[in-house]
Every structure is written in structure tokens, then in C-alpha cells.
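Engineer: If you count by my numbering, then the sequence shown holds residues -17 to 347, one letter each, in order.
Just so it is clear, CB atoms sit at the ideal spot from N, CA and C, and this is done for glycine as well.
Given the structure is predicted, the values throughout are model-derived calculations rather than measurements.
Can you read through this structure? Questions will come right after.
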Amino acid sequence: MFTNDLVSQNISGHEPYIPGRQPKLNAETIKLNTNENPYPPSPLISDGLHEHIDNLRLYPDSSCEELRNSIAQLHSVDPDEVIIGNGSDDILNLCTRCFSDVSKPIGFFEPSYSLYNVLGSLQGCPVKKIPFQDNTFEIKNDLVSKSKTNLFFITSPHAPTGRTYENSLFSSILKNYRGILVIDEAYADFASTNAINLLKESERLIITRTLSKSYSLAGLRVGYGLGSKKIISVLNRAREVYNVDRIAQYIAWVALNDRDYFSETKTKIINSREKLYSKFKEWGWDTYKSGANFLFTRPVDNNGNSGKDIAQSLFNFLQHHQIFTRYFPAHILTEPYLRISIGKEREMDMLVTKLIQWQTKDLQV
Ligand SMILES: Cc1ncc(COP(=O)(O)O)c(C=O)c1O
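This is how it looks when you write it as C-alpha cells:
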């Protein structure tokens, strides 16, 4: 007989990560809730795929050498400073496995990516959540050094606001903080800054990236980490040896090397983001300047009202019309806002049309 006392202590009280909703798609659905890329991945990925399917009988290259070489070249680092993961979540998980335990706490600012808390709970380590002081989502560097943590996660561009941070902030954090700093750059390809240059300054910095967003490969599950050789060799000790399958290594390699397609789709997304941002500003909706593929905006209704109920009502209205966005009611800093992923131009036009309808009071549901 199975009884709950057989379950490990960490798992018994553990609350798993809740991913964004994946609704059944139909021709009318506009899915803007999980920051996926609206464009298909590089058309080159299907060339040669058959050969890799035939080779599925063989285990993949456990070190992902070719993919690591390409990533190393892209960022001008050594291939031994790169680790590939089953999504960047895998790398964030490895960081927690390797650099935290009961006497080595992890820390992060709240609200940010909710997975960090889940990873800490799984690991059974103390978790220090440092609240953002206000809706500027500014980071004071001494908060990290005073956190008495061994591992600290910062999301940059920040989620869910999309705001970016200067490298001078990270430099000063690295000077004062003794632990391992992880900068989660899941959205950095859509921003004008990133922290890659800082890798030269510190052996205790890890940068995580993903192919889920800017390369349109959320379904493939490939992400990577960049850090000093010492850090990467520690992470490799905990990595499942075949964490990235053959097909994923091949497709990721092709997509990564198709720079023209990458730039083309990225530019389209950034242009659409800026157009939507201007629209929100024109309407007087407080919206964060975003370095990501989403906007975080505070909807205002026709009577000039905004706040939790208004955001919830717009979220419901859009969902009723098959437009899925993300609403975070659990935190005071996020409850008056909606997070809207950037879709195709046509989808953004349809969204704007619906938002105008919503602002006409009698049409609200
Ligand atoms: C801030 C942040 N980091 C990491 C991830 C995970 O990305 P991946 O698909 O590579 O696991 C996400 C996914 O939404 C994210 O928002």
C-alpha cells in the first residue's frame, strides 16, 4: 500500500510550478499568455532532419559539443564556458542543485520568475525573498550583498515588467556579493543591453539564456548557461548526461546559425512591441519600457479607472474573445497590470481593436 509518509520531506510540503495556460488553439485563438514567439522557427530546421531521426537509435552527444561551439562563437567565450540544458529551467535547476543546501540559502527579488522559489523548495534550502520596494522595480545592489545568500537570481530583463537593468548595477553587485549571481536573460535578445561582457569580470557570474523565446523553440526545450570554466564544470557534475536529445541538439544548432532569420523575426517583434507601447501610452495606460517580447500594462477603462478589478475585467473580456493574456493577481505590484506577449502584426491589430471595444463601457463583459 502507498502511504504519504513514503514521500520525501521536501516533496511533501512542496508546491510545484504552475505554468501558463496552454489553451486548445483554434483559428480564432490569439495566444499572448506565455511569451512564446508568434513566428515559426527557422525554416532551415527541417533540412537534414531525417538523417537525425534515423540516428535516434544512438545516444546523443552528452557534451553537446557542436552546439556549445556555436554558442561560444556567438558570445565570444570558450566552449568550456557553456553548458546546454533542457530549456533554461534545467540550468536554473542545476544552479540550485550545485550552489544551495540547508546552510546555503538562495535569494531573489519578488515578484520575478516564480520558478526560483519552486527550485529552492525542491532543494530544501532556505529561501530569501527580497520584495521590490515599489513599482519602479529598481534594484539596490546592497540588498543582494546583505541577503546572506549563497546563490542569487536576478531576472534581466525583468519578468513580468520587461524592464532592463544597467551593467553597472551588476558590476557593483558582483564586487560586494560573495555568492554566485545568476542573471536570467531569458528575454535579453529583445533588449539593447545584456550582461555577457561581465563574464570576464567575475568567476561567480552565471548567465542563463533560452532558445524558447527569440528562436521560437519553446517546444524543443533548449537553453544554456554561460559562466567561468570552474562554475560550468561544477554544473556539469549534476547535469543528467543526456539532458539534451539528438534532435534538440541538431535543431537548436541550425536555428542558432540562421542569423538572418533570427534578426528578421526579432526585429518584427521589437517593432510590434514599440507600436503597441505607443498605443498604450497614447491611451494613458502606465506601461513599462520593455526589453522583452511582452508588455506589462495597467489598463484604464472609459471612466478613467484602473486597478485590480479593471485588470481582471479586461483579462476576462479578452479571454472571452479568445485572446489569452497573463494576469498576476497574487501581488500588489502586479495586480493592476496585464502581461501581453507580442504576437504577429495582424494579431496585435486585432488585440488593439478589442481593447478599443473594451474601452467602450457597454461592451464590457
Ligand atoms: C524569466 C524566465 N526565465 C526562464 C524561463 C524558462 O525558459 P525555458 O523555456 O528555456 O525553460 C522563462 C520562461 O518563461 C522565463 O520567463
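Is it buried or exposed for R219, if we count other Cβ within 10 angstroms and need 16 for buried?
Structural biologist: Start at 1 with the first residue of the sequence shown, and residue 219 comes out as number 237. Classification for R219: exposed.
Engineer: What three-state label does DSSP hand V164 in the structure shown?
Structural biologist: Numbered from its first residue, the sequence shown carries residue 164 at position 182. Reduced to three states, the DSSP call for V164 is strand.
Engineer: Kindly provide the chain-ordered list of residues whose Cβ lies closer than 5 angstroms to any non-hydrogen atom of ligand 1.
Structural biologist: G69, S70, D71, Y95, T137, A141, D166, A168, T192, S194, G205
Engineer: With a threshold of 16 other CB atoms inside 10 Å of the CB of I73, please say whether the residue is buried or exposed.
Structural biologist: Counting from 1 along the sequence shown, the entry for residue 73 is found at position 91. Buried, by the Cβ-count rule.
Engineer: With contact counted as at least three CB pairs below 8 angstroms, one residue from each stretch, are the segment 167 to 177 and the segment 129 to 145 in contact?
Structural biologist: yes
Engineer: Would you report the Cα separation of L217 and T(-15), rounded to the nearest angstrom?
Structural biologist: As a working note, residue 217 is residue 235 in the sequence shown. As a working note, residue -15 is residue 3 in the sequence shown. Approximately 34 angstroms between the Cα atoms of the pair.
Engineer: Kindly indicate which three-state DSSP category F114 falls into: helix, strand or coil?
Structural biologist: Walking along the sequence shown from the start, residue 114 turns up at place 132. Of the three classes helix, strand and coil, the one that applies to F114 here is coil, per DSSP.
Engineer: Just to confirm the assignment, what range does the beta strand (DSSP E) spanning I189 have?
Structural biologist: Locating residue 189 in the sequence shown gives position 207, counting from the first residue. Taken as a continuous stretch (DSSP letters only), the beta strand (DSSP E) holding I189 covers 187 to 192.
Engineer: On the CB-based measure, 16 or more other CB atoms within 10 Å of its CB, does S82 come out buried or exposed?
Structural biologist: For the purposes of this step, residue 82 is taken as the residue at position 100 of the sequence shown. Result: buried.
Engineer: Would you tell me roughly how many angstroms separate the C-alpha atoms of S(-10) and R221, rounded to the nearest one?
Structural biologist: The sequence position of residue -10 within the sequence shown is 8, counting from 1. The sequence position of residue 221 within the sequence shown is 239, counting from 1. Approximately 21 angstroms between the Cα atoms of the pair.
Engineer: Would you mind listing the beta strand (DSSP E) stretches within the segment 4 to 77 that are 3+ residues and don't spill past its ends, in chain order?
Structural biologist: 64 to 67
Engineer: Taking 8 angstroms as the cut-off, does the segment 175 to 183 touch the segment 312 to 330 (at least 3 CB pairs, one atom from each stretch)?
Structural biologist: no
Engineer: Per DSSP, which residues does Y206 bridge with? Please list them.
Structural biologist: To locate residue 206, count along the sequence shown from 1; it is residue 224. Note: Y206 sits in a beta bridge opposite I66, R191.
Engineer: The alpha helix (DSSP H) spanning L300 covers which residue range?
Structural biologist: In the sequence shown, the residue the question calls residue 300 occupies position 318. Here the alpha helix (DSSP H) through L300 covers 290 to 302.
Engineer: With DSSP as the reference, identify every bridge partner of V236, one or two as the case may be.
Structural biologist: As a first step, residue 236 must be located in the sequence shown, where it is residue number 254. Paired residue(s): none; V236 is not in a bridge.
Engineer: Nearest to P23 by alpha carbon, out of L156, H(-4), V236?
Structural biologist: As a first step, residue 23 must be located in the sequence shown, where it is residue number 41. Looking at the Cα atoms, V236 is the closest of the given residues.
Engineer: Quick one: measure Cβ to Cβ for Y147 and I121, integer angstroms, because I've assumed they're closer than 8 angstroms.
Structural biologist: Within the sequence shown, numbered from 1, the residue matching residue 147 stands at position 165. Within the sequence shown, numbered from 1, the residue matching residue 121 stands at position 139. With 8 angstroms as the limit, Y147 and I121 qualify as a contact, their Cβ atoms being about 6 angstroms apart.
Engineer: Would you decide whether M(-17) is buried or exposed? Buried here means 16 or more other CB atoms lie within 10 Å of its CB.
Structural biologist: Residue numbering aside, residue -17 sits at position 1 when the sequence shown is read from its first letter. Under this definition M(-17) is an exposed residue.
Engineer: Quick check on V109: does DSSP put it in helix, strand or coil?
Structural biologist: The count along the sequence shown starts at 1 and reaches residue 109 at position 127. Looking at V109 - three-state DSSP - the assignment turns out to be strand.
Engineer: Determine whether the beta carbon atoms of S272 and E327 lie at a separation below 8 angstroms.
Structural biologist: For the purposes of this step, residue 272 is taken as the residue at position 290 of the sequence shown. For the purposes of this step, residue 327 is taken as the residue at position 345 of the sequence shown. The answer is no: Cβ separation not under 8 angstroms.
Engineer: Just how far apart, CA to CA, sit M330 and E246?
Structural biologist: Within the sequence shown, numbered from 1, the residue matching residue 330 stands at position 348. Within the sequence shown, numbered from 1, the residue matching residue 246 stands at position 264. Their Cα atoms are separated by approximately 18 angstroms.
Engineer: Does the beta-carbon of N287 have 16 or more other beta-carbons within 10 angstroms, so that it is buried, or is it exposed?
Structural biologist: The residue you call residue 287 lines up with position 305 of the sequence shown. The residue is exposed, with fewer than 16 neighbouring Cβ atoms inside 10 Å.
Engineer: On the CB-based measure, 16 or more other CB atoms within 10 Å of its CB, does D71 come out buried or exposed?
Structural biologist: Counted from its first residue, the sequence shown places residue 71 at position 89. Buried.
Engineer: Apply the 10 Å Cβ neighbour rule to S174 and answer buried if 16 or more other Cβ atoms are within range, or exposed otherwise.
Structural biologist: Locating residue 174 in the sequence shown gives position 192, counting from the first residue. With fewer than 16 Cβ atoms within 10 Å of its Cβ, S174 is classed as exposed.
Engineer: Locate the alpha helix (DSSP H) running through R221, then write down its first and last residues.
Structural biologist: Translated into positions along the sequence shown, residue 221 becomes position 239. Run containing R221: none; DSSP gives neither H nor E here.
Engineer: Going straight from the alpha carbon of Y197 to that of S260, what length do you get?
Structural biologist: If you number the sequence shown from 1, residue 197 lands on position 215. If you number the sequence shown from 1, residue 260 lands on position 278. So the alpha carbons of these two residues sit roughly 25 angstroms apart.
Engineer: Might you give, ordered along the chain, the residues of its own chain that have their beta carbon closer than 7 angstroms to the beta carbon of T192, omitting 5 neighbours on each side?
Structural biologist: Taking the first residue of the sequence shown as 1, we reach residue 192 at position 210. Contacts found: G69, S70, A168, G205.
Engineer: DSSP three-state label for D268, please.
Structural biologist: Working through the sequence shown from its first residue, we reach residue 268 at position 286. DSSP places D268 in strand when its eight states are reduced to three.
Engineer: Taking the alpha-carbon positions, what's the G289 to R308 distance?
Structural biologist: In the sequence shown, counting from the first residue as 1, residue 289 sits at position 307. In the sequence shown, counting from the first residue as 1, residue 308 sits at position 326. Rounded to whole angstroms, G289 to R308 spans 15 angstroms at the Cα level.
Engineer: Ordered along the chain, which non-local residues of its own chain (more than five positions away) have a Cβ less than 7 angstroms from that of Y159?
Structural biologist: Translated into the one-based positions of the sequence shown, residue 159 becomes position 177. Taken in chain order, the residues that qualify are V126, S127, F134.
Engineer: So what's F(-16) in DSSP terms, helix, strand or just coil?
Structural biologist: Position 2 of the sequence shown, counted from the start, is the residue given in the question as residue -16. Note: F(-16) maps to coil in three-state DSSP.
Engineer: From the DSSP output, read off the bridge partner residues of T92.
Structural biologist: Sequence index remark: in the sequence shown, residue 92 carries index 110 (1-based). A small correction: the amino acid at residue 92 is Glu; Thr does not occupy that position in the sequence shown. The partner list for E92 (beta bridge, DSSP) reads P113.
Engineer: Have a look at the DSSP bridge pairing and note the partners of T279.
Structural biologist: If you number the sequence shown from 1, residue 279 lands on position 297. Paired residue(s): T269, L320.
Engineer: What do you get for Y319, buried or exposed, if any count of 16 or more other CB atoms within 10 angstroms of its CB means buried?
Structural biologist: Indexing the sequence shown from 1 puts residue 319 at position 337. With 16 or more Cβ atoms within 10 Å of its Cβ, Y319 is classed as buried.
Engineer: What residues in its chain sit with their C-beta under 6 angstroms from that of K13, if we drop five residues either side in the sequence?
Structural biologist: In the sequence shown, counting from the first residue as 1, residue 13 sits at position 31. Exclusion of the five residues before and after K13 leaves F306 as the residues of its chain whose Cβ lies within less than 6 angstroms of its Cβ.
Engineer: To the nearest angstrom, report how far apart I165 and C46 are at their CA atoms.
Structural biologist: Numbered from 1 along the sequence shown, position 183 holds the residue referred to as residue 165. Numbered from 1 along the sequence shown, position 64 holds the residue referred to as residue 46. Approximately 22 angstroms, taken between the alpha carbons.
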